[in-house]
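The next block holds one structure in the form of structure tokens; read it before the comments.
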Amino acid sequence: MTIPNLRLVLRGCTLAISASTILTITYGCARPQAAPSNDSGKKALIAVSVRKARIGALSRTVDISGSITALNDVMIGPRSAGKVVAVHVREGDRVQQGQIVAIMELTDYQTQVNAALAGLRTAQTRLAQAEAQESQAENLLKQARVNVEVLDTSTLAALEAARASVASADQALQAIKAGARPQERQQAEQQVRAARASRDKLKTDLGRIKDLYKEQAVSSSQLDQAEAAYEAADASYRAAQEALSLMLEGARSEDVKRAELAVEQARQGLRKAEADRSQVDVRRTDVANAQLALKSARDGVVVAFEGSRQAKATLDLARNALNDAQIRAPVSGVVAARLAEPGQQLGSGGQILRIVTPGTVDLEANLPESEYPAVKTGQTVDVTVEAFPDRVFKGRVSQIYPVASSAARSFTVRIVFNDNKDLRPEMYARARIVVGTHTNTTLVPKDAVIFSNQSNQAVVFVVSSDGVAQERKIRVGYMDAESVEILEGIKPGESVIVAGQSGLQTGDRVTISR
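Yeah, the sequence shown ends on 606 if you go by our numbering, and it's all consecutive.
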């Protein structure tokens, strides 16, 4: 395992090891002097222990620590200030999502609901009244339009008949005075036919208006006008007949008088028809007024509808506040803390309970800035906690926060577990992240390597087949508590000295102890 700035003391040497994956070090530790020779002048054999360099795999890890945190860890309380009436659960109790766990005082909220409900009913009554007024205004407008149409038709026909009657009476008078000519007789006959047609049309109109009057679709004054128009047309028809008759019989003094009287009566009928015609404009004014009244009624409906909508929104808010006074668990879990008691007055934002969900936990740990480039999401992690010292919880790196802490100069790493049912929030945990693995590489025991902090090099002693020790400079890679990766300097199968190399020099003869 490579650990940043870790100081190792091996074989009487002190070394600061960096976190880089490959380290080149040269042997430079001070060693004791070689053992003195025996009496015969030959050096004594030095007893050593050896191990074979081997092929294997070695991983580099990063150690971090942090706290177990619950994914669902919520504090619950009232939305508004008030007095706690009841708390139904205590620490350790299990709750289900939506369960009522506490109740705030409800009196004020119920009063607000009652007031809002009364306001809504009033607003709905106003809306109903406004809609009734709108319907009434629509009917009045429809009636006014029918009145205009009927009056326009009947008065126009009456006016035309009155004008024809005047013309016919004038012609009859002139004919009586002057005597009839063939052309005048033909003209008088045409006037009789025209007067009869006008009278028949007004008779038909009168029948239709009488039917409408029975259905209360027209007023009595309109019926009177229609009857007057018909009578005027009938009089015009009789006058035309009489004029034709006089023309055929010849003029007498009493005929002239009657003709003059007929002319005057026809002119009176024309004046009345003209007066009746002027009522059409009055009725058109009624239509315009009815249209304004309908617009006003529709505006009243819009205002009343908005008032009803606002009243309903107020009621919904009051009901929500009443419902919020019954505190419900937002998640299923276990009560971790009971923070308020019945009778306690809480302000806005006050807390009553803390609820956590066991089994849905992860680890949030601090990653040193120097190790940030090495750690990636998806890397495997071994986690230990003091509560279970003999267990290793497997996990992986799920997230690395993108911004470092300004105080600790570290990044937060989130680790998720494969099996976390025994872990609990706030447990202290240590994690070892595997950031790299070298396979099929040369490994030697860590006791075989002699490090020097003077020349930043490392050496090992190997034993030749004839029992002679030889110092080798090496370049190391990954290392852990037991093994060191050898990148250069040692081949698999060579025997390296793991004990007894203190004071050895190249060329010393050694004996291998078992």
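Each residue gets a CB set at the ideal place from its N, CA and C atoms; glycine is no exception.
Using a 10 angstroms sphere on the CB of E307, the tally of other CB atoms stays under 16, which defines it as exposed. Between the alpha carbons of V527 and I138 lies a gap of roughly 41 Å. In the three-state DSSP reduction, Q471 falls in the coil class, being neither helix nor strand.
A residue is called buried when at least 16 other Cβ atoms come within 10 angstroms of its Cβ; Q278 does not meet this threshold and is exposed.
Taking C-beta separations shorter than 6 Å and ignoring five residues to either side along the sequence, the partners of Y201 in its chain run A413, L414 and A417, following chain order. Of the candidates A432, V473, Y570 and E563, the residue whose Cα lies closest to the Cα of Q593 is E563.
Contact annotation: R376 and L251 have beta-carbon atoms that are not nearer than 8 Å. The closest CA to that of D155, considering only V395, A479, L265 and V505, is found on V505. As for any beta strand (DSSP E) of minimum length 3 sitting wholly inside the stretch 189–224, the runs are 192–196, ordered along the chain.
Between P450 and the set E518, S497 and S290, the nearest pair of CA atoms involves E518. In this chain, the beta strand (DSSP E) harbouring E563 covers A561 to M571.
Between L535 and G148, the alpha-carbon positions lie close to 6 Å from each other. The beta carbon of Q225 sits closer than 7 Å to those of A389 and G392, all from its chain and outside the five residues before and after it, given in chain order. Contact fails between the stretch 187–204 and the stretch 548–557, because fewer than three Cβ pairs, one in each stretch, are under 8 Å apart. Taking the C-beta atoms as reference points, A318 is found no nearer than 8 Å to D292.
A direct Cα-Cα distance of roughly 57 Å separates E456 from D558. Annotation for Q597: no alpha helix (DSSP H) segment contains it, and DSSP assigns it neither H nor E.
The criterion of a C-beta distance shorter than 8 Å is not satisfied by L384 and V176. Annotation: the continuous alpha helix (DSSP H) that includes R300 extends over P274 to K306.
By the criterion of a C-beta distance shorter than 6 Å, R359 is surrounded in its chain by V258, once the five residues flanking it on both sides are discounted. Between the beta-carbon of G441 and that of G174 there is about 12 Å, and that puts the pair past the 8 Å contact cut. Nearest to A403 by alpha-carbon distance, out of N164, R182, R218 and V242, is R218. D316 is not bridged by DSSP to any residue.
The alpha-carbon of V284 is positioned some 34 Å away from that of V374. Under DSSP, N458 shares a beta bridge with S157 and T504. A distance below 8 Å between beta-carbons, with the five flanking residues on each side excluded, links L407 to the following residues of its chain, in chain order: V205, A208, L209, G211 and L212. Counted as a single uninterrupted DSSP element, the beta strand (DSSP E) harbouring D165 occupies residues D165 to I168. In this model, R186 and I447 are separated by some 9 Å (Cα to Cα). Residue pairing for V526: DSSP places it in a beta bridge opposite T153.
With contacts defined by Cβ atoms closer than 8 Å, T476 and R522 form a contacting pair.
Here T452 really is in contact with N164; their C-beta atoms are around 6 Å apart, less than 8 Å. F509 and E574 have their alpha carbons spaced roughly 27 Å apart. For A220 against A331, the beta-carbon gap comes to about 59 Å, at or over 8 Å, which does not count as contact. The three-state secondary structure of R182, taken from DSSP, is coil. T472 and D482 have their alpha carbons spaced roughly 19 Å apart.
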